[in-house]
Amino acid sequence: MAMDEIVDGLSEVSCDVLVIGGGTAGPMAALKAKLRNPKANVVLLEKANVKRSGAISMGMDGLNNAVIPGYATPEQYTKEITIANDGIVDQKAVYKYAQNCYSIIEELDSFGIRFLKNENGDYAVKKVHHIGTYVLPMPNGETVKKALYRQLRRARILISNRYMATRLLKSADGRIAGAISVNTRTAEFLVIKAKAVILCMGAAGRLGLPTSGYMFGTYENAANSGDGYAMAYHAGAALANLECFQINPLIKDYNGPACAYVAGPFGAYTANNEGSRFIECDYWSGQMMLEFYNELMSGKGPVFLQLKHLHPDTIGEIESTLHKVERPTRGLFQQGRGVDYRNESIEMHISEIGFCSGHSASGVFVDDNARTTVPGLYAAGDMASVPHNYMLGAFTNGSIAGVDAMEFADSHDFAEFDSSEIAQERERVLAPTLREDGIPPNQIEYKTRRLVNDYLQPPKVTHKYLLGMRRLAEVRDDMQKQMIARNAHELLRALEVQSIMDCADMAAHASLFREESRWGLYHWRTDFPEKDNENWFCHTLLSKRDGKMTSEKRAVQPYVVPISDDEKDLYDKQRIRASA
Amino acid sequence: MSSPFESYDELDDADERLQAADPAERRVAIIALGHSGDPAAVAHLAKMVADPDAGVRQQVAMALGEFDGPDAASALVSLLVDPERNVAAAAADSMAEFKDPACTGVILPLVKHPHAFVRMGALRSLKELRHKDTLKPALEALQDADAAVRVQAIGVIGFLKLEESIPALTALILDPDAHVRRAAVSALAFSQMKPAAETITRALKDTDWMVREMAAETLGLNANGSLAVDQLVASLADEFWQVRLKSIRSLGRMRIERAVRQIGNCITHEQANLRKEAAAALGEIGAPEGEAFLALVANDPDPDVRKNARWALQQIAARKAKAGS
Amino acid sequence: MPLASYQTSVPVVVDDVKCIADKGCTVCVDVCPLDVLRISDMTGKAYMAYDECWYCMPCEADCPTGAVTVNIPYLLR
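Residue numbers (the working numbering), protein chains in the order written: chain A, 1 to 580; chain F, 1001 to 1325; chain U, 2001 to 2077.
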């Protein structure tokens, strides 16, 4: 059989809870669902292989948001996240995370995931921020996936690798009924009927094009092409605050963080070409990114991560963590450039744009039980709207989703769906394989993402956006009528580019809806340069209604942790205006 | 179409595959057993620890890391003493993942093994087990000729958090190796009793800056840290800014008003990290005398220093207002 | 429109002497998040079939025989 040859086939299975995405939140959701009801069937579906998939395929160098007793309180954390998000936060979910995350750390520790400990066995929590102390390094973080996978095998979770989910199935009354997926190596279809479905499909990280021009050199795992966002959208779920883009500081040309959270506790900092600090903002946020962007664009750029003022022994310690975990090719990259941290600073830049609640606030809308607006459909991790939740949030909220979804499955029967939807979806998916001649997915993808960079990247200009949307519509037309896929692997890429296109449209639509500037660089609109609390102190929800993309406002839920005016002032006074 | 799910049948033909003539084929069979996650795989893997091929034995050592408990431990123990370095190293890494205290008895005898690498690996794996039987052998291992072994032994003792180990840890303050002294200071932090604080205070005068840094940091977290205020204040003149920084942080955390002047004197240091920490500590302490020092950095070139100074001034003002009302 | 293929130097290199894919090993192919590695019908060894690499390293880290090397893609180097 020729490589990745397309095979005609379709099978159907059913389960109680279907988890889509086996990266960080997904395995935890599957495990917790199974533990909740060991007799139930839990399927974990993954586009790659659960062993090494997702944002933490090669591990993680530390926790950025650990709320550990004695170092930080849930109240402090909730305040900090609220302020970092310019107040647009439903605190209940954030607070719940903050209350639960310590028990998740303990559980991960019992799985064999190693956190930095002092010689007395206590967690070695580090101080980075002014107010709370949230950073817990993971010097052996490369074992994360291995330890998780072990738990899945032990619980006998049904793991289905190399299947890409393409659409969700729903009943006539709007309840979730399952999903359709396609094998990435054979193009055979697998329909999974489920009582509850949890989406854990990661960020939309392949939206913008990295400045290197290498399509897969993205900040996020390049497999995270926003399929979850697209699927939730087509299923009619609401998506929150998509205009609050993800943009991150990076090593220039290399797609890994530098990373302030690892080097920061040791005394390293971000500096301009004069070697001086310039960032005022205390927490990783759009405000911080705006300060970063302004400095880059000013005469004081480029921007560097400065370590050379530290003792050589300290640098050695930082190096061993930076080069081993999360993005271990970092060491290889620096070596190739001949950079030695001891006498040279690391040039930094900013990443391409994307959606990711892990770092910002753009995700499928969920409440504090990880429920989306579609009954029986859940979301957790980078793609769900709990802001700034990072890896520990994916674990914690994945756990919440798993338990609640199993409870839902236990009290509901399978929902009926219209079986003609399967035939329709098959036709849609396979269309590129039936064309004799046309444009390959990589060209459609490059063009789409190049347009995203040219027109959608902040600063957001209305006129540019309107032009960009027109150009994107032209490419969409090409994609629908001319894209070809000559084997199953190319079909995988063809399906991914359709998710990317959907995300590009959503990014544009959501950004134009919010007529103000907020979240620093993430939503800096030149035509509306001011923050407008009177009209826009609200979430925005984007959804598909009668086949059309629509946006609406949603009130911020009353705070559970009140924030006094002088606390708000404390931060507001440091705000730097958008114009450099 | 074959099953869409990962199989759970790795053990079905394991015996046959493990006997393949080709060592590479045996390796592939071992990888599958490790992947299985099935505790029953341990018995199969244990049979392979004496395989003539070192690559196969290394694979066994890695695969056993997927399991926990005395059976996996005894198989790994025989691989930890393997003459081949790669095999022993893989075994040590796998053993470090153990969490089941029941492994203790199997590992303990290795603490007296003639090879330092084995002793170190054994002690490293005992830490997380936190079993009381490990105390005595670990205390003995504090006399080990090899410093790396002593460091691991300190970890075992520290994780147990038993007051009775304080004298032994205290004695290490005179150890010739700086890593050992630093580890001992870190381990002593579990005790909130006076003797531990006194020992850590002595470490503020260590010849090695990293030991002094650790001591300065640890005192801020100790209930008796306030007994060391004079010594911490003296450390504000340490030749290493790193040590001064941790001393400032500890004094700030403890809100030591009489340290304000000396902390204030650090606020014009060339190292921005130190200026920032000094500003933050003056705010935490909240004494009005801090204001004059904070004024010196109102126009500091570093925004982080300016920000911390602003916050500090706000905290002092808030305290004044409270006192006035 | 007719299609042409263009040359690209791929970042992942496999040492055929060390690789044991011909003995049934599929570790590197299994762990790749982008699914870009395949086993050659001709040599029985693993190779990079698609230049779509995130240079994340599991293929190198998990290879039992140390046969896989991940390089930084040329455009980034």
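Every residue gets a Cβ at the ideal spot worked out from N, C-alpha and C, and that includes glycine.
Neighbour list for residue i in chain U, Cβ cutoff strictly below 7 Å
i	result
A:L332	I2072
A:K447	Under the 7 Å cutoff, chain U gives no residues; its nearest Cβ is about 14 Å from A:K447.
A:R435	Ordered by position in chain U, no residue passes the 7 Å Cβ test against A:R435, which lies about 11 Å from the chain.
Run of the beta strand (DSSP E) containing residue i, from where it starts to where it stops
i	result
F:P1114	No beta strand (DSSP E) contains F:P1114, which DSSP labels as neither H nor E.
A:L199	189–199
U:C2028	Not the beta strand (DSSP E): U:C2028 falls in the alpha helix (DSSP H), residues 2027–2031.
A:N453	No beta strand (DSSP E) contains A:N453, which DSSP labels as neither H nor E.
U:D2062	Not the beta strand (DSSP E): U:D2062 falls in the alpha helix (DSSP H), residues 2058–2062.
A:T166	163–170
A:Y254	Segment: none, A:Y254 is in no beta strand (DSSP E) and carries neither H nor E.
A:G178	176–183
F:S1186	First-last for F:S1186: 1178–1188, but that is the alpha helix (DSSP H), not the beta strand (DSSP E).
Cβ pair residue i, residue j closer than 7 Å
i	j	result
A:G226	A:C503	yes
A:P459	A:T526	yes
A:R450	A:L209	yes
F:A1122	F:V1111	yes
F:L1126	F:S1094	no
F:L1011	F:A1040	yes
A:K195	A:A379	no
U:Y2055	A:T329	yes
F:V1383	F:S1235	Residue 1383 of chain F lies beyond the residue range present for chain F, which begins at 1001 and ends at 1325; the question has no answer from this structure.
F:P1109	F:L1129	no
A:P432	A:A494	yes
A:A237	A:T143	no
A:L31	A:A155	yes
F:I1248	F:A1281	yes
Cβ neighbour criterion (16 or more within 10 Å) applied to residue i
i	result
U:G2066	exposed
A:S419	exposed
A:G141	buried
F:A1075	buried
A:H463	exposed
F:P1207	The amino acid occupying residue 1207 of chain F in the given sequence is Thr; Pro does not appear at that position. By the neighbour-count rule (16 or more Cβ atoms within 10 Å), F:T1207 is not buried but exposed.
F:M1214	buried
A:E80	buried
U:V2017	exposed
U:A2004	exposed
A:E274	exposed
For residue j and residue i, the rounded distance between their alpha carbons
i	j	result
A:A580	A:L296	Per-residue confidence for A:A580 stands at a pLDDT of 35, beneath the threshold of 50, marking its modelled position as unreliable; the derived number appears in the next sentence. Between A:A580 and A:L296, the C-alpha separation is close to 10 Å.
A:R577	A:G21	Confidence is the limiting factor: at A:R577 the pLDDT is only 44, short of 50, which leaves the residue's position unreliable, though a coordinate-based value still follows. One C-alpha to the other measures close to 39 Å.
A:I105	F:D1022	43 Å
A:D603	A:N241	Look at the range of chain A in this structure, 1 to 580, and you will see that residue 603 of chain A is not part of it.
F:V1334	F:A1197	The structure shown does not extend to residue 1334 of chain F, since chain F is modelled only from 1001 to 1325, so the question has no answer here.
A:G54	A:T24	7 Å
A:I444	A:D382	26 Å
F:A1116	F:V1149	7 Å
F:A1287	F:V1305	19 Å
A:T189	A:E421	Residue identity differs from the one stated: residue 189 of chain A is Phe in this sequence, not Thr. If I take the Cα positions, the gap works out to 13 Å.
F:F1293	F:R1255	16 Å
F:H1179	A:P27	39 Å
A:K447	A:L456	13 Å
A:S385	A:A510	14 Å
A:Y102	F:A1223	24 Å
First and last residue of the uninterrupted alpha helix (DSSP H) at residue i
i	result
F:D1133	Element bounds for F:D1133: n/a, residue is neither H nor E.
F:H1044	1041–1046
A:C281	Unbroken run through A:C281: none, as it is neither H nor E.
A:Y97	91–111
F:E1239	Taken as a continuous stretch (DSSP letters only), F:E1239 belongs to no alpha helix (DSSP H), as it is neither H nor E.
F:E1217	1209–1219
Within chain F, partners of residue i - CB distance below 9 Å
i	result
U:K2045	Under the 9 Å cutoff, chain F gives no residues; its nearest Cβ is about 12 Å from U:K2045.
Chain-ordered neighbours of residue i on chain U, where CB pairs are closer than 8 Å
i	result
F:R1027	I2020, K2023, C2025, P2064, T2065
Within chain A, partners of residue i - CB distance below 8 Å
i	result
F:P1303	R277, F278, I279, E280
Where residue i meets chain U, residues with beta-carbon distance less than 9 Å
i	result
F:G1055	P2064, T2065
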